[in-house]
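Here the sequence shown is numbered in the numbering used here, starting from 140 and rising by one per residue. The C-beta atom is built at its ideal place from N, Cα and C for all residues, glycine as well. Encoded as structure tokens, the structure appears first; notes follow it.
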Amino acid sequence: QVQLVESGGGLVQAGGSLRLSCAASGIIFSSYHIHWYRQAPGAQRELVGFITREGSTKYADSVKGRFTISRDNAKNTVYLQMNSLKPEDTAVYYCYADGPARGWGQGTQVTVSS
Numbered sequence: 140q141v142q143l144v145e146s147g148g149g150l151v152q153a154g155g156s157l158r159l160s161c162a163a164s165g166i167i168f169s170s171y172h173i174h175w176y177r178q179a180p181g182a183q184r185e186l187v188g189f190i191t192r193e194g195s196t197k198y199a200d201s202v203k204g205r206f207t208i209s210r211d212n213a214k215n216t217v218y219l220q221m222n223s224l225k226p227e228d229t230a231v232y233y234c235y236a237d238g239p240a241r242g243w244g245q246g247t248q249v250t251v252s253s
């Protein structure tokens, strides 16, 4: 069973930075691609980016150049480094494991004030 726990969210001023973590258990972590999604109030959940099991990354245009996804397989953790945050980045951020099984974390709130 895939278990994912996000952490690191909070309140930050525009232009600031946050680093989110997604800790996995119950899976062979290195076998999984990990995706980051976000959902703002009243909006659909959207893909922020992902990292493959081989370490390749891809990002949504809205975050390209500002956000970076990395993984530490020894710690079963994926990170989302968010720089130059904007108020429109305010959302609940979720990680999603895609591999032999699939599953979502519970989400962590990110609020960017102007």
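Buried or exposed (CB count within 10 angstroms, at least 16 for buried), residue i
i	result
D211	exposed
A182	exposed
Assigned secondary structure, residue i (DSSP; H/G/I helix, E/B strand, else coil)
i	result
S200	Here the sequence assigns Asp to residue 200, which means Ser is not the residue at that position. In this structure, D200 counts as coil in the three-state DSSP scheme.
A240	coil
Bridge partners - residue i, DSSP secondary structure assignment
i	result
V231	Q178 and Q248
S164	Q142
T207	Q220
Q183	According to DSSP, Q183 bridges with nothing at all.
G149	V249
Distance cut-off 8 Å: residue i Cβ against heavy atoms of the ligand SAH
i	result
E185	This structure lacks the ligand SAH, and indeed carries no ligand of any kind.
Same chain, Cβ closer than 8 Å to residue i, five either side skipped, listed in chain order
i	result
V151	L157, L224, V249, T250, V251 and S252
G242	Q140, V141, Q142, L143, Y235 and A236
Selection from the options that minimises the alpha carbon distance to residue i
i	options	result
G188	G238, Y198 and Y232	Y198
Own chain residues within Cβ distance below 7 Å of residue i, not counting five before or after
i	result
T207	Q220
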